[in-house]
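Notes follow once the structure below has been shown.
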Amino acid sequence: MKKVFLWLLIIAIAAVFSLAGCKAEAAEVVEKAVTEEVADIPENPLYKDASASIEDRVEDLLSLMTLAEKIGQMAQIDRMYVGGDVISEYYIGSVLSGGGSVPYDNTPEGWADMYDGFQEEALSTRLGIPIIYGIDAIHGHNNLVGATIFPHNIGLGATSDPDLVRLIAQITAIEVAATGMDWTFGPCITVPQDERWGRTYEGFSEDPELVAELGKAAIEGYQGDDLADSNTILACAKHFIGDGGTSGGVDRGDTICSEEYLREAYIYPYINALEVPVGSIMASFNSWNGVKMHSNSYLLTDVLKEELGFEGFVVSDWQGINEIDGSAREEMSRLDIETSINAGIDMVMIPNDYRGFINMLTELVNQGKVSQSRIDDAVRRILTIKFKLGLFENSYADRSNFGLVGCEEHREIAREAVRESLVLLKNEGSLLPLSKDLDSIVVAGSKADDIGSQCGGWTITWQGAVGEITEGTSILDAIKDTVSKDTIVTYSRNGTEVPPDADVAIVVIGEKPYAEYNGDDKDLLLYTPDKDTINNIRDAGIPVVVILISGRPMIITEEIDKWDALIAAWLPGTEGQGVADVIFGDNAPTGKLSYTWPRSIEQLPINDTDGSKGSLFPFGFGLTY
Ligand code: GLC
Numbered sequence: 040m041k042k043v044f045l046w047l048l049i050i051a052i053a054a055v056f057s058l059a060g061c062k063a064e065a066a067e068v069v070e071k072a073v074t075e076e077v078a079d080i081p082e083n084p085l086y087k088d089a090s091a092s093i094e095d096r097v098e099d100l101l102s103l104m105t106l107a108e109k110i111g112q113m114a115q116i117d118r119m120y121v122g123g124d125v126i127s128e129y130y131i132g133s134v135l136s137g138g139g140s141v142p143y144d145n146t147p148e149g150w151a152d153m154y155d156g157f158q159e160e161a162l163s164t165r166l167g168i169p170i171i172y173g174i175d176a177i178h179g180h181n182n183l184v185g186a187t188i189f190p191h192n193i194g195l196g197a198t199s200d201p202d203l204v205r206l207i208a209q210i211t212a213i214e215v216a217a218t219g220m221d222w223t224f225g226p227c228i229t230v231p232q233d234e235r236w237g238r239t240y241e242g243f244s245e246d247p248e249l250v251a252e253l254g255k256a257a258i259e260g261y262q263g264d265d266l267a268d269s270n271t272i273l274a275c276a277k278h279f280i281g282d283g284g285t286s287g288g289v290d291r292g293d294t295i296c297s298e299e300y301l302r303e304a305y306i307y308p309y310i311n312a313l314e315v316p317v318g319s320i321m322a323s324f325n326s327w328n329g330v331k332m333h334s335n336s337y338l339l340t341d342v343l344k345e346e347l348g349f350e351g352f353v354v355s356d357w358q359g360i361n362e363i364d365g366s367a368r369e370e371m372s373r374l375d376i377e378t379s380i381n382a383g384i385d386m387v388m389i390p391n392d393y394r395g396f397i398n399m400l401t402e403l404v405n406q407g408k409v410s411q412s413r414i415d416d417a418v419r420r421i422l423t424i425k426f427k428l429g430l431f432e433n434s435y436a437d438r439s440n441f442g443l444v445g446c447e448e449h450r451e452i453a454r455e456a457v458r459e460s461l462v463l464l465k466n467e468g469s470l471l472p473l474s475k476d477l478d479s480i481v482v483a484g485s486k487a488d489d490i491g492s493q494c495g496g497w498t499i500t501w502q503g504a505v506g507e508i509t510e511g512t513s514i515l516d517a518i519k520d521t522v523s524k525d526t527i528v529t530y531s532r533n534g535t536e537v538p539p540d541a542d543v544a545i546v547v548i549g550e551k552p553y554a555e556y557n558g559d560d561k562d563l564l565l566y567t568p569d570k571d572t573i574n575n576i577r578d579a580g581i582p583v584v585v586i587l588i589s590g591r592p593m594i595i596t597e598e599i600d601k602w603d604a605l606i607a608a609w610l611p612g613t614e615g616q617g618v619a620d621v622i623f624g625d626n627a628p629t630g631k632l633s634y635t636w637p638r639s640i641e642q643l644p645i646n647d648t649d650g651s652k653g654s655l656f657p658f659g660f661g662l663t664y
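Printed below as a string of structure tokens:
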């Protein structure tokens, strides 16, 4: 084999350090530089033989890789930082779209063109290892305008229907794969215990059993029977471990509990996920008893990989390793890298400072602080998934399914999911279902004509936004399309200027869109304008049906007595028609609460496990017609 010294690389690194004034490090790096053989690639290398076993292909490829090529596979960067020949120069193994990180041309073709461009560059490298592209497609291909947007997991939890959840994941995989993407950062199999947490809606339920059942179904839907199938994508169970159990529901906070409880409440759904098996798992920002999860080798390696036998790869969260050393989230240090990689992180969602990551990890390996065997284990796990996905054989986007993105058939399934997710909490005098032939209906409320609020966070942008952010049916439009042509529908956002003789008012209120820590809320109170709107309607003497659009149970105890009927609609997504289907009786409500509904904020955390101690509505509650 031809011997080629990598002094140039080492000197380049040394030059970087010397420029940065770190002469000592420069000397050390040069001194400790290793000479490395860059193996010649045989004419027809085994790793390119699709008839060979994946294990043999992985070992063959690994044997040909330089340290730089291996470390590159462990680096994941956001598409917004990919410019020039970054992917080929640094052998980058993965690209992601963080929330809202979309191509300028946000169409199926625009996504496929972007993906193919990155892939072409990756394949131009010496060994031609394709990238794997990850994205948060957590309730449909939710970054893509025009894609079908399904109810967020809290609504799917209310359906307790694993077959539906599996079908939704299958459809999401089709729409994601149609644009080239390989991997979704979902399902979130968190078990939220305190609704003050801004990510409650990303959880199916407070109940580990229900989360385990629905999480497994989602993974089966995303991954199908064969990851190499053009309509399947890699799933990512997240966030390991304890993200939903932090004190006070503080996002990225500290989950303080015994190991026994951690296993029963939070690790339990991962057992089901591993039965599929899920191909990737994302480490969690939170700490467990004060120890950052991204640094926890006991849980990431001893428990997850060795005891539970997880054979996929662990990806960090966004800058998730950066706070290990106690520094600011934006700063990544050698200690962060050394600790997280040795703890069992296989791929780092950097997502920007790839030069720093690669240089520091190279140095750590050369100094023996991160072993070659740890690097090889991480790269072996990543390459195994890439071969299972068939990325070496089918590297580019399959553009044949553009027409399925947001198609009517998919939207009908989303509409069914909306129907099944609705929970009827109050129905005074059996006011519901309403007749389609009423003379006069008022529709009011800040969320009545607002697709963006229906969809919630993680929709088109990271935080989501109010208004016409994508194609869909608002609840107002759905009502108009459902009632008879002789029924007068009066829309009044704040409930003023309404016909006093109206038969009924449907008032759609709730939360504005949010994601992650931006959704942490200490009060869970209704917004004053929403309460005012309902009072305006009440003052006019019109019966009130409230439709609550929210990412979690809210504190409504002081208000609910003024309402004649209440439906919890959660975050239903683009297909508002499903809400009208239930209001007007085409379908009876079947949803059941997958979270205990608190009577007061002082009760939190309140869950079924503590007997729902005096809750407003208990876990599992839901009326029907
Ligand atoms: C975010 C979230 C994680 C998501 C990732 C990539 O910070 O914690 O759920 O998958 O970054 O967007």
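Under this note's numbering, read the sequence shown as residues 40 to 664, first letter to last. A virtual CB, placed ideally from N, CA and C, is assigned to each residue, including glycine.
Buried or exposed for residue i, please, with buried defined as at least 16 other CB atoms from any protein chain shown within 10 angstroms of its CB.
i: ASN328; result: exposed
i: PRO81; result: exposed
i: SER102; result: exposed
i: GLY122; result: exposed
i: SER469; result: exposed
i: GLY288; result: buried
i: ARG368; result: exposed
i: SER523; result: exposed
i: ILE310; result: exposed
i: ARG96; result: buried
i: GLU64; result: Model confidence at GLU64 stands at a pLDDT of 45, short of 50, so the residue's coordinates are unreliable and nothing is read from them.
i: ALA541; result: buried
i: GLY650; result: exposed
Does DSSP classify residue i as helix, strand or coil?
i: ALA417; result: helix
i: TYR553; result: coil
i: ALA197; result: helix
i: MET119; result: helix
i: HIS449; result: helix
i: TYR23; result: No answer is possible for residue 23: the residues shown for the chain start at 40 and end at 664.
i: ILE599; result: helix
i: PHE224; result: coil
i: GLU377; result: helix
i: ASN466; result: strand
i: VAL618; result: helix
i: THR512; result: strand
i: ALA608; result: strand
i: LYS344; result: helix
i: LEU135; result: strand
i: LYS331; result: strand
i: TYR130; result: coil
i: ILE480; result: strand
Is residue i a contact residue of ligand 3, with contact defined as CB to any heavy atom under 6 Å?
i: ASN83; result: As for ligand 3, it is missing from this structure, which binds only ligand 1.
By Cβ distance, which residues of its chain are closer than 8 Å to residue i, with the 5 residues on each side in sequence left out?
i: ASN433; result: ALA267 and SER269
i: GLY139; result: ASN182, ILE499, THR500, TRP501 and GLN502
i: LYS427; result: ILE93, LEU266, ALA267 and GLY318
i: PRO568; result: SER485 and ASN533
Grab me the residues of residue i's own chain with a C-beta within less than 6 Å of its C-beta, minus the 5 sequence neighbours each way, in chain order.
i: LEU403; result: GLU377 and VAL409
i: ALA91; result: LEU85
i: LEU564; result: ILE594
i: ILE153; result: The displayed chain sequence assigns Met, not Ile, to residue 153. These residues qualify, in order along the chain: PRO142.
i: HIS180; result: ALA186, GLU214 and VAL215
i: MET220; result: TYR172 and ILE174
i: CYS227; result: GLU241 and LYS277
i: SER479; result: ILE527, PRO538, ALA541 and ASP542
Suppose the cutoff is 7 Å on Cβ atoms and the five residues either side in sequence are ignored; what does the same chain contact list for residue i look like?
i: TYR307; result: PRO247 and ALA251
i: TYR556; result: GLY237, ASP290 and ARG291
i: LYS551; result: SER492 and VAL505
i: VAL618; result: VAL457, LEU461, ILE514, ALA517, ILE586, ALA608 and PRO611
i: ASP38; result: Residue 38 falls outside the range modelled here, since the chain spans only 40 to 664, and no answer is possible.
i: SER531; result: VAL481, ALA483 and VAL537
i: ARG419; result: VAL97 and LEU101
i: PRO190; result: HIS178, ALA456, VAL457, SER460, TRP609, LEU610, PRO611 and GLY612
- Of all residues in the structure, which have a C-beta closer than 7 Å to any heavy atom of ligand 1, taken in chain order? Residues flagged by the Cβ proximity filter: LEU135, GLY137, GLY138, ASP175, PHE224, CYS227, LYS277, HIS278, MET321, PHE324, ASP356, TRP357, MET388 and GLU555.
- Query: Is it true that the region 236 to 253 meets the region 289 to 299, where meeting means three or more beta-carbon pairs spaced less than 8 Å apart?
  - Reply: yes
- Is it true that the region 95 to 115 meets the region 155 to 162, where meeting means three or more beta-carbon pairs spaced less than 8 Å apart? Cβ pair count under 8 Å is below three, so no.
- For the region 502 to 516 against the region 625 to 642, are there 3 or more C-beta pairs whose distance is under 8 Å? Touching, no, given that fewer than three Cβ pairs across the two stretches are closer than 8 Å.
- Message: Quick test of the definition: if touching needs 3 or more C-beta pairs under 8 Å, does the region 196 to 204 touch the region 165 to 179?
- Response: no
- Query: Contact between the region 381 to 388 and the region 328 to 342: three or more CB pairs below 8 Å?
  - Reply: Under the 8 Å Cβ criterion, the region 381 to 388 counts as touching the region 328 to 342, having at least three qualifying pairs.
- Query: Is there contact between the region 188 to 200 and the region 625 to 634, where contact requires at least three CB pairs shorter than 8 Å?
  - Reply: yes
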